[in-house]
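Undergrad: To start, I am sharing the structure in question, which I have written as structure tokens.
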Amino acid sequence: MDYNKLFSEINNSIAKNKTKGKVASYIPELSKINPAKFGVHLTTINNKNFSFGDSNEKFSIQSISKVLSLTLAYSIEGEKLWNRVGVEPSGTPFNSLVLLEHNKGIPRNPLINSGAIVICDILVSKLKNPKQDFLKFIRELSGNYKLNYCLKMVESEKNYGFRNVALVNLMKSFNNIENDIDVVMDFYYNLCSIEMTCQELSRTFLFLTTDGTDPISNKIIFSESKSKRINAIMQLCGFYDEAGEFAFKVGLPGKSGVGGGIVAIHPNKYSIVVWSPLLNKKGNSYKGMKFLEKFTSKTQSSIF
Ligand code: GLU
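Residue numbers (my numbering): 83 to 386.
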């Protein structure tokens with residue numbers, strides 16, 4: 083399949099309609115990005131690579147890193163993890179407090195902010211040096227040993243993280259946070275600040291296309307059953323309160339971030355990343371969603 087040609091054709095067809103949306107502005111550092119950026123990268127399980135546009139430029143992966151911290155926590159903690167966080171779609175925005183009060187401090191799922199903060203708390207309890215250990219984990223997965231946190235982004239997140247501070251305090255009041263709040267939040271903000279290229283990110287997520295074993299290094303990240311479950315969670319909870327729309331129109335498990343990135347995987351086939359910073363009202367990349375809808379339609383590669 084000549085994916086390069088297809089990428090260009092799909093891009094042309096979307097460009098004609100003019101891309102809508104707004105760059106995330108609630109964190110000042112995020113609002114500085116050039117809205118015209120657009121990149122795509124697809125990695126097959128046989129390590130064939132196809133790309134388009136700004137696919138080699140780093141961008142802030144933001145909430146996409148929540149899947150990676152969940153992977154690490156799940157591989158360490160096992161099924162006990164689900165005592166502290168649920169697996170249901172939230173149907174509310176990523177930083178909503180509403181359901182958390184109702185559910186007595188147990189987040190609906192690990193991919194919304196409250197859930198990801200609980201995952202950070204677990205990693206802070208279990209890892210010797212959480213920030214360094216997590217970095218080591220994603221460096222190995224991506225094959226890029228220079229990956230790092232973006233300190234400017236961390237500062238910006240910290241200065242404007244009012245809702246996240248509210249979430250962690252509410253969960254602490256329900257005894258669902260074990261560690262010092264500042265330590266947990268510092269780790270959380272660092273996770274959000276990671277920058278990767280489309281190529282690095284699609285390579286990083288390849289282990290979820292092949293039942294938890296990285297098809298390039300043959301390293302077992304976690305079991306087949308855990309991999310299946312993470313894919314199920316991405317399918318149901320990976321797109322804020324638009325996960326149904328993504329399943330309906332694209333039909334792949336995936337995760338988006340407010341930096342405009344979307345990663346989606348097709349089990350036993352490929353991992354694909356699309357990056358376009360203009361977001362729709364639900365916080366997902368406007369062009370990224372459109373592009374993937376056209377891509378899975380033209381290649382008939384939805385999982386359904
Ligand atoms: N840095 C973001 C926050 O916690 C994560 C946003 C996202 O990509 O969903 O506010």
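Where a beta carbon is used, it is the ideal one built from N, C-alpha and C, also for glycine.
At a threshold of 7 Å, does glutamate 239 count as lining the ligand GLU (C-beta to nearest heavy atom)?
TA: Working through the sequence shown from its first residue, we reach residue 239 at position 157. It does: the Cβ of glutamate 239 is within 7 Å (strictly closer) of some heavy atom of the ligand GLU.
Undergrad: For isoleucine 201, which residues from the same chain have a beta carbon less than 6 Å from its beta carbon, with the 5 sequence-adjacent residues on both sides left out?
TA: To locate residue 201, count along the sequence shown from 1; it is residue 119. Taken in chain order, the residues that qualify are Ser151, Leu152, Ala155, Pro192.
Undergrad: Cutting at 6 Å between CB atoms, please list the residues of its own chain near threonine 292, excluding the five before and the five after it.
TA: Taking the first residue of the sequence shown as 1, we reach residue 292 at position 210. Once the five neighbours on either side are set aside, the close Cβ partners of threonine 292 are Ile127.
Undergrad: Grab the span of the alpha helix (DSSP H) containing phenylalanine 304 for me, first residue to last.
TA: Within the sequence shown, the letter at position 222 stands for residue 304. Note, phenylalanine 304: premise wrong, no alpha helix (DSSP H); not H, not E.
Undergrad: Please classify asparagine 366 as buried or exposed, where buried requires at least 16 other C-beta atoms within 10 Å of its C-beta.
TA: Here the question's residue 366 lines up with position 284 in the sequence shown. Counting Cβ neighbours within 10 Å, asparagine 366 comes out buried, since at least 16 surround it.
Undergrad: Along the chain, which unbroken stretches of the alpha helix (DSSP H) at least 4 residues long are found entirely within the segment 159-232?
TA: You should have 180-184, 195-208, 212-224.
Undergrad: Could you give the DSSP three-state label for isoleucine 263: helix, strand or coil?
TA: By 1-based counting over the sequence shown, the position of residue 263 is 181. Helix.
Undergrad: Quick one: is histidine 184 buried, meaning 16 or more other Cβ sit within 10 Å of its Cβ, or exposed?
TA: Reading the sequence shown from its first residue, position 102 is the one you call residue 184. Burial call: exposed.
Undergrad: With respect to 7 Å, is the separation between the Cβ of isoleucine 259 and the closest non-hydrogen atom of the ligand GLU below this value?
TA: For the purposes of this step, residue 259 is identified with residue 177 of the sequence shown, where counting begins at 1. No.
Undergrad: Give me whichever residues DSSP pairs with leucine 124 in a beta bridge.
TA: Residue numbering aside, residue 124 sits at position 42 when the sequence shown is read from its first letter. Its beta-bridge partners are Phe132, Ile354.
Undergrad: Under 7 Å from any heavy atom of the ligand GLU, does the C-beta of leucine 340 make it?
TA: The residue labelled residue 340 in the question sits at position 258 within the sequence shown. Per the sequence shown, the amino acid found at residue 340 is valine instead of leucine. Checking every heavy atom of the ligand GLU against the Cβ of valine 340, one is found closer than 7 Å.
Undergrad: Under 8 Å between the Cβ atoms of leucine 112 and glycine 326?
TA: Position 30 of the sequence shown holds residue 112. Position 244 of the sequence shown holds residue 326. Their beta carbons are not under 8 Å apart, which means leucine 112 does not touch glycine 326 by this criterion.
Undergrad: Please state whether the Cβ-Cβ distance between valine 105 and isoleucine 115 is less than 8 Å.
TA: Taking the sequence shown and counting its residues from 1, the one referred to as residue 105 is at position 23. Taking the sequence shown and counting its residues from 1, the one referred to as residue 115 is at position 33. Yes, these two residues count as a Cβ contact at 8 Å.
Undergrad: How is the beta strand (DSSP E) around valine 345 delimited, first residue to last?
TA: As a working note, residue 345 is residue 263 in the sequence shown. Counting along the chain, the beta strand (DSSP E) containing valine 345 begins and ends at 343-348.
Undergrad: In angstroms, rounded to a whole number, what distance separates the CA positions of methionine 235 and serine 275?
TA: On the sequence shown, position 153 is the one that residue 235 refers to. On the sequence shown, position 193 is the one that residue 275 refers to. Going from the Cα of methionine 235 to the Cα of serine 275 covers about 5 Å.
Undergrad: At a cut-off of 7 Å, is asparagine 177 close to the ligand GLU when judged by its beta-carbon and the heavy atoms of the ligand?
TA: If you number the sequence shown from 1, residue 177 lands on position 95. Within the cutoff, so yes.
Undergrad: Taking DSSP's pairing of strands, which residues face serine 367 in a bridge?
TA: Position 285 of the sequence shown, counting from 1, holds the residue named residue 367. Bridge partners of serine 367: Leu361.
Undergrad: Once DSSP output is grouped into helix, strand and coil, what is the label at serine 107?
TA: For the purposes of this step, residue 107 is taken as the residue at position 25 of the sequence shown. If DSSP states are grouped into helix, strand and coil, serine 107 belongs with coil.
Undergrad: In this structure, how does DSSP classify glutamate 327 when only helix, strand and coil are distinguished?
TA: By 1-based counting over the sequence shown, the position of residue 327 is 245. Three-state DSSP puts glutamate 327 in a helix.
Undergrad: Can you tell me whether methionine 253 is helix, strand or coil according to DSSP?
TA: Working through the sequence shown from its first residue, we reach residue 253 at position 171. Three-state DSSP puts methionine 253 in a helix.
Undergrad: Near leucine 386, what residues of its chain come up, given a Cβ to Cβ distance below 7 Å and the 5 sequence neighbours on each side ignored?
TA: As a working mapping, residue 386 is identified with position 304 in the sequence shown. It should be pointed out that residue 386 corresponds to phenylalanine in this sequence rather than to leucine. Closer than 7 Å at Cβ, skipping near neighbours: Gly333.
Undergrad: What separation, rounded to the nearest whole angstrom, lies between the Cα atoms of asparagine 258 and lysine 376?
TA: Mapped onto the sequence shown, residue 258 falls at position 176. Mapped onto the sequence shown, residue 376 falls at position 294. Spanning the two alpha carbons is a distance of roughly 42 Å.
Undergrad: For methionine 278, which beta-bridge partners are listed by DSSP?
TA: The count along the sequence shown starts at 1 and reaches residue 278 at position 196. Its beta-bridge partners are Phe141.
Undergrad: Kindly say whether isoleucine 109, judged by its beta-carbon, lies nearer than 8 Å to any beta-carbon of chain D.
TA: Looking at the structure shown, chain D is missing, and only one protein chain is on hand.
Undergrad: Label isoleucine 302 either buried or exposed according to how many other C-beta atoms from any shown protein chain fall within 10 Å of its C-beta, with 16 as the threshold for buried.
TA: As a position in the sequence shown, residue 302 is number 220, starting the count at 1. Burial call: exposed.
Undergrad: Going by Cα to Cα distance, which pick from Arg190, Lys102, Ala118, Ile263 is closest to valine 315?
TA: In the sequence shown, the residue the question calls residue 315 occupies position 233. Position check: residue 315 holds isoleucine in this sequence, whereas valine was assumed. The residue with the shortest Cα to Cα distance from isoleucine 315 is Arg190.
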